[in-house]
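**Student:** Just so you know, the sequences run in chain order A and B. Residue 165 in our numbering sits at position 59 of the first sequence, with consecutive numbering throughout. Residue 95 in our numbering sits at position 112 of the second sequence, with consecutive numbering throughout. Here a beta-carbon is modelled for each residue, glycine too, at the ideal position from N, C-alpha and C.
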Amino acid sequence: MMLALRGVACLRGPRLLFEGLDLTLDAGGALVVAGENGVGKSSLLRIAAGLLRPAAGTVERSASLAWLGEATALDGDRTVGAALAFWARLDGASAAALERAMETMGIAPLAEVPVRYLSTGQRRRAAIVRTIAAGAPLWLLDEPANGLDRDGVAQLGEAMAAHRAAGGAVMAATHLPLPLDGAATFDLARHRAVAA
Amino acid sequence: MILPLIRRDAMRGLRAAGLPVVFFLIAATLFPFAVGPDARLLAKAGGGMLWLAALLAALLPIERLVAPDAEAGILDQFTVRGIADEAVAAAKIAAHWLGFGPPLMLAALPGAALLGLDGAALWRLEAGLAIGTPALAALGVTVAALTVGLRGAGALAGLVLLPLAVPLLIFGAGAFDAGGSGALRLLAATALLLTFGAPFAAGAALRTLRD
């Protein structure tokens, strides 16, 4: 078991978004968090990542995680290669691993371009490259397909499949269909897990 | 883990170091126009004026110290990697000082010449800046972390930082009086307290940003 949330509640300002939420994620598993806007998908992911303290309940993680948030977290004034290399160095990833991840997401030709010149979709691809290159077993992805074109979504699907085949786990919040075979869907509005 | 953070911030800081330095020199140029060309008066008051200029120059970079990283999600990425908020704050303070302290100490040379400070006064100014600029950098990062996301953060930062920096100004400018080495010791004590307390205060501010 890589991630376990027990009895988690989330309070945003005066609003109780959800409470008594239990979920677990095992190695090789995938979980898609669904629900309409404002139901608390991003908050749930931030709680799972340890970025937000739950109002009640516990979060247990047995593996390091890679976080793909709404923001790209890449320095606009640096080139794509340099901005990604900064994170790769922090994560202890090799230059070869970073290069492979850039090939996977199809942005290897953009390595010398400053991040601020990238389109929304290209930035998203670069952020996914950081997630892949981090080498963390647990991926927490907030709307990973936002801004991606059809090829980009397919490449993301391949990356997630390879990650799970290698024993990794993926938890994603999304309102777009994601190519994740055999993923359980967690409907946050009813908050109980529905097996695929 | 913390060295790459310092290097990243320091590179960005050094690229933007020109702004506080130019501001400092312009302020030093303006004082003679304000108080008149009396060389004795300028030499006597010049040290304190340069300290005031340094204090005001410390306000300029505040808005770019923490807010851009918070908005870009970079602080979140540090957090999920298990880097403590205090360590991020300490790295930002060290990096900010590298891009602020030494350039300001260099700019103090022409600044002192403009106001006609003698060698002893210049030495006291440089010693004071060497002791005081780390504390100014620490205050800058702390105030930047406290004001992230607030409307008018830049102006508010000035209101928060300047009163906290008053002891630095008093002891830094006091070093030019007779018996100034006592003032330098008090400056060192104040700077030590501010510099080593700031990572905890700024770290707590970064933590509340996430809630």
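If you measure from the beta carbon of Leu196(A) to each beta carbon in chain B, is any gap under 8 Å?
**Tutor:** One-based indexing of the first sequence puts residue 196(A) at position 90. By this cut-off, Leu196(A) is an interface position.
**Student:** Going straight from the alpha carbon of Ala138(B) to that of Leu175(B), what length do you get?
**Tutor:** Against the second sequence, residue 138(B) aligns to sequence position 155. Against the second sequence, residue 175(B) aligns to sequence position 192. One C-alpha to the other measures close to 26 Å.
**Student:** With distances taken between CB atoms, is the gap from Gly99(B) to Ala26(B) smaller than 8 Å?
**Tutor:** Position 116 of the second sequence, counted from the first residue, corresponds to residue 99(B). Position 43 of the second sequence, counted from the first residue, corresponds to residue 26(B). Yes; because the gap between Cβ atoms is below 8 Å, this pair is in contact.
**Student:** Using a Cβ-Cβ distance cut-off of 8 Å, determine whether Arg23(B) contacts chain A.
**Tutor:** To locate residue 23(B), count along the second sequence from 1; it is residue 40. No - not a single Cβ of chain A is within 8 Å of the one on Arg23(B).
**Student:** Name, please, each residue of chain B whose Cβ falls closer than 7 Å to the Cβ of Trp173(A).
**Tutor:** Against the first sequence, residue 173(A) aligns to sequence position 67. Those within 7 Å of Trp173(A) in chain B are Asp59, Gln60 and Val63.
**Student:** Using beta-carbon positions only, say whether Ala267(A) and Ala169(A) come within less than 8 Å of one another.
**Tutor:** Reading the first sequence from its first residue, position 161 is the one you call residue 267(A). Reading the first sequence from its first residue, position 63 is the one you call residue 169(A). No, they are not a contact pair.
**Student:** Rounded to whole angstroms, what's the CA-CA distance from Val131(B) to Ile9(B)? Just pull it up for me.
**Tutor:** Counting from 1 along the second sequence, the entry for residue 131(B) is found at position 148. Counting from 1 along the second sequence, the entry for residue 9(B) is found at position 26. Each residue's Cα considered, the two are about 28 Å apart.
**Student:** Determine contact between the segment 204 to 219 of chain A and the segment 258 to 273 of chain A, defined as no fewer than three beta-carbon pairs at a distance below 8 Å.
**Tutor:** Touching, yes, given that three or more Cβ pairs across the two stretches are closer than 8 Å.
**Student:** Within 10 angstroms of the Cβ of Glu218(A), are there 16 or more other Cβ atoms? Answer buried if so, exposed if not.
**Tutor:** Taking the first residue of the first sequence as 1, we reach residue 218(A) at position 112. It counts as exposed.
**Student:** Could you tell me which chain B residues have their CB closer than 8 Å to the CB of Val156(A), listed as they occur along the chain?
**Tutor:** Against the first sequence, residue 156(A) aligns to sequence position 50. Reading off the sequence, residue 156(A) comes out as Gly, not Val. By Cβ distance, chain B contributes Thr62 and Val63.
**Student:** Between the C-alpha atoms of Ala271(A) and Ala171(B), what's the straight-line distance to the nearest angstrom?
**Tutor:** Here residue 271(A) is taken as the residue at index 165 of the first sequence, counted from 1. Here residue 171(B) is taken as the residue at index 188 of the second sequence, counted from 1. For Ala271(A) and Ala171(B), the distance between alpha carbons rounds to 58 Å.
**Student:** Rounded to whole angstroms, how far is the Cβ of Gly141(A) from the Cβ of Asp293(A), which I believe are closer than 8 Å?
**Tutor:** Working through the first sequence from its first residue, we reach residue 141(A) at position 35. Working through the first sequence from its first residue, we reach residue 293(A) at position 187. 6 Å between Cβ atoms; contact.
**Student:** If you measure beta-carbon to beta-carbon, which residues of the segment 76 to 95 of chain B are closer than 8 Å to chain A?
**Tutor:** Taking 8 Å as the Cβ-Cβ cut-off against chain A, none of the residues of the segment 76 to 95 of chain B qualify.
**Student:** Only counting the same chain, and skipping five residues up and downstream in sequence, which positions put a Cβ closer than 6 Å to that of Leu2(B)?
**Tutor:** Here residue 2(B) refers to the residue found at position 19 when the second sequence is read from its first residue. Closer than 6 Å at Cβ, skipping near neighbours: Leu43.
**Student:** Below 6 Å CB to CB, which residues in the same chain sit around Trp193(A) once its five sequence neighbours on both sides are set aside?
**Tutor:** By one-based count along the first sequence, residue 193(A) stands at place 87. Closer than 6 Å at Cβ, skipping near neighbours: Arg236.
**Student:** Measuring CA to CA, which of Phe14(B), Met32(B), Met(-16)(B) and Leu13(B) is closest to Gly157(B)?
**Tutor:** Numbered from 1 along the second sequence, position 174 holds the residue referred to as residue 157(B). Residue Met32(B) is the option with its Cα nearest to Gly157(B).
**Student:** Should Met208(A) be labelled buried (16 or more other beta-carbon atoms within 10 Å of its own) or exposed?
**Tutor:** In the first sequence, residue 208(A) corresponds to position 102, counting from 1. Buried is the call here.
**Student:** Going by the CB atoms, is the gap between Leu117(A) and Leu127(A) shorter than 8 Å?
**Tutor:** Translated into the one-based positions of the first sequence, residue 127(A) becomes position 21. Translated into the one-based positions of the first sequence, residue 117(A) becomes position 11. It is not a contact, given that the beta carbons lie outside the stated cut-off.
**Student:** Mind the definition here: the segment 71 to 91 of chain B touches the segment 179 to 194 of chain B only if three or more C-beta pairs lie below 8 Å; say whether that holds.
**Tutor:** Segments in contact, yes.
**Student:** If we cut at 8 Å on Cβ distances, does Arg230(A) have a partner in chain B?
**Tutor:** As a first step, residue 230(A) is located in the first sequence; it is residue number 124 there, counting from the start. No, because no Cβ of chain B sits closer than 8 Å to the Cβ of Arg230(A).
**Student:** For Pro(-13)(B), would you say it is in contact with chain A, using Cβ-to-Cβ distances shorter than 8 Å as the test?
**Tutor:** In the second sequence, residue -13(B) corresponds to position 4, counting from 1. Yes, Pro(-13)(B) lies at the interface with chain A (some Cβ there is under 8 Å from its Cβ).
**Student:** Using a C-beta cutoff of 8 Å, does Arg168(B) count as contacting chain A?
**Tutor:** Locating residue 168(B) in the second sequence gives position 185, where the first residue counts as 1. So, not an interface residue.
**Student:** Under 9 Å between beta-carbons, which chain B residues line up against Ala272(A)? List them in chain order, please.
**Tutor:** For the purposes of this step, residue 272(A) is taken as residue 166 along the first sequence, with counting starting at 1. None at all; the shortest Cβ gap to chain B is about 20 Å.
**Student:** Is the segment 136 to 154 of chain B close to the segment 52 to 71 of chain B, with three or more CB pairs under 8 Å?
**Tutor:** No, the segment 136 to 154 of chain B does not touch the segment 52 to 71 of chain B.
**Student:** Establish whether the CB of Phe292(A) and some CB of chain D are separated by less than 8 Å.
**Tutor:** Judged by its chain identifiers, the structure shown contains no chain D, and its protein chains are A and B.
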